[in-house]
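Below is one structure, written out as structure tokens, with a few remarks after it.
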Amino acid sequence: EAEVAQSPRYKITEKSQAVAFWCDPISGHATLYWYRQILGQGPELLVQFQDESVVDDSQLPKDRFSAERLKGVDSTLKIQPAELGDSAMYLCASSPGAERDTDTQYFGPGTRLTVL
Amino acid sequence: DAKTTQPTSMDCAEGRAANLPCNHSTISGNEYVYWYRQIHSQGPQYIIHGLKNNETNEMASLIITEDRKSSTLILPHATLRDTAVYYCIVRPYGGATNKLIFGTGTLLAVQP
Chain A
2 EAEVAQSPRY KITEKSQAVA FWCDPISGHA TLYWYRQILG QGPELLVQFQ DESVVDDSQL
62 PKDRFSAERL KGVDSTLKIQ PAELGDSAMY LCASSPGAER DTDTQYFGPG TRLTVL
Chain B
44 DAKTTQPTSM DCAEGRAANL PCNHSTISGN EYVYWYRQIH SQGPQYIIHG LKNNETNEMA
104 SLIITEDRKS STLILPHATL RDTAVYYCIV RPYGGATNKL IFGTGTLLAV QP
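Just so you know, the protein sequences line up as chains A and B, in that order. Here the working numbering runs 1 ahead of the position in the first sequence, where the first position is 1. Here the working numbering runs 43 ahead of the position in the second sequence, where the first position is 1.
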């Protein structure tokens, strides 16, 4: 069964350092999402890509976060500089295409970030 | 804000059916009801979704009331591995942005 791959699974960093997370969606999925989940809360969308284009990044803190999906396949989420409040689980999801009526999202295992 | 209301937690005995309720009284005609679950420290797992009719798959059944203002997810024979947070989400179909708006979900604890 096809799955969304993410790496690393765990990342510990010090504040003010740069971190990057990688996501490989299910093959053929046009839409890719990055969510952030703070402990005890549900995931919240940071950014959505349709192919290589950003569709929604309204909740992405653009002063320190960046995301790219250059070839419309895999994606990288970067934080620079990391702050203590960025400690969270970062989840990647993919779906066949946002234009479809039912566009089910499938999630990867996540990257657990701890900022010291 | 999430457009659904779920109980904070529920218990279920192993082998029995688990019935998880969800209220979505403001649901619109073009919105689906989705259910995901999240086992501790893992990514959310898709379970099932529906629009009007009841749905069943290998994991669960989804019962939607006729007025669509509430629904119930049924796990027919709960096991210890079904212990997780279950999220009920309403989401419109079509359109450019398809983000899922998660609430705090229901923590289902399956007891041996």
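Even glycine gets a Cβ: it sits at the ideal position worked out from N, Cα and C. Keep in mind that this is a model prediction, so the values were computed, not measured.
In chain B, which residues lie less than 7 Å from residue i when you measure between Cβ atoms?
i: A/L46; result: K142
On a CA-only basis, which of the options is nearest residue i? Give me that one, please.
i: B/T122; options: B/I106, B/D54, B/P50; result: B/D54
i: A/G111; options: B/K142, B/T99, B/G86; result: B/G86
i: B/I91; options: B/Y75, B/I82, B/S84; result: B/Y75
i: B/T108; options: B/L150, B/C65, B/Q88; result: B/C65
i: A/D104; options: B/M102, B/G146, B/P155, B/P135; result: B/P135
i: B/A61; options: B/S84, B/Y89, B/V128; result: B/V128
Show which residues of chain B have a CB atom less than 8 Å away from the CB atom of residue i.
i: A/Q106; result: Y89, N141, L143
The ligand GTP heavy atoms versus the CB of residue i: any closer than 7 Å?
i: A/G29; result: Here there are no bound small molecules, and the ligand GTP is not part of this structure.
Could you name the residues of chain A that residue i contacts, counting a contact when the two beta carbons are closer than 8 Å?
i: B/Q85; result: P110, G111
i: B/Y130; result: G43
Residues of chain A with a CB under 9 Å from the CB of residue i: which are they?
i: B/T147; result: G41, Q42, G43
When you compare the CB of residue i with every CB in chain C, is at least one pair closer than 8 Å?
i: B/H92; result: Of the protein chains in this structure, namely A and B, none is chain C.
Taking Cβ positions, are residue i and residue j nearer each other than 8 Å?
i: B/Q49; j: B/T149; result: yes
i: A/L114; j: A/P44; result: no
i: B/I144; j: B/R111; result: no
i: A/S17; j: A/A83; result: yes
Starting from residue i, find everything on chain B with Cβ-Cβ shorter than 9 Å and list it in chain order.
i: A/L61; result: Ordered by position in chain B, no residue passes the 9 Å Cβ test against A/L61, which lies about 12 Å from the chain.
Note down, one range per segment and in chain order, each beta strand (DSSP E) of at least 3 residues found wholly within the stretch 57 to 88 of chain A.
66 to 69, 76 to 80
Ranges of the beta strand (DSSP E) found wholly within the stretch 108 to 152 of chain B, counting only runs of at least 3
113 to 118, 127 to 135
Can we say the stretch 58 to 65 of chain A touches the stretch 7 to 21 of chain A, given the rule of at least three CB pairs closer than 8 Å?
no
Segment contact flag, the stretch 43 to 61 of chain A with the stretch 28 to 35 of chain A, C-beta cutoff 8 Å, min 3 pairs
yes
Are at least three pairs of beta-carbons, each pair with one atom in the stretch 3 to 14 of chain A and one in the stretch 66 to 73 of chain A, less than 8 Å apart?
no
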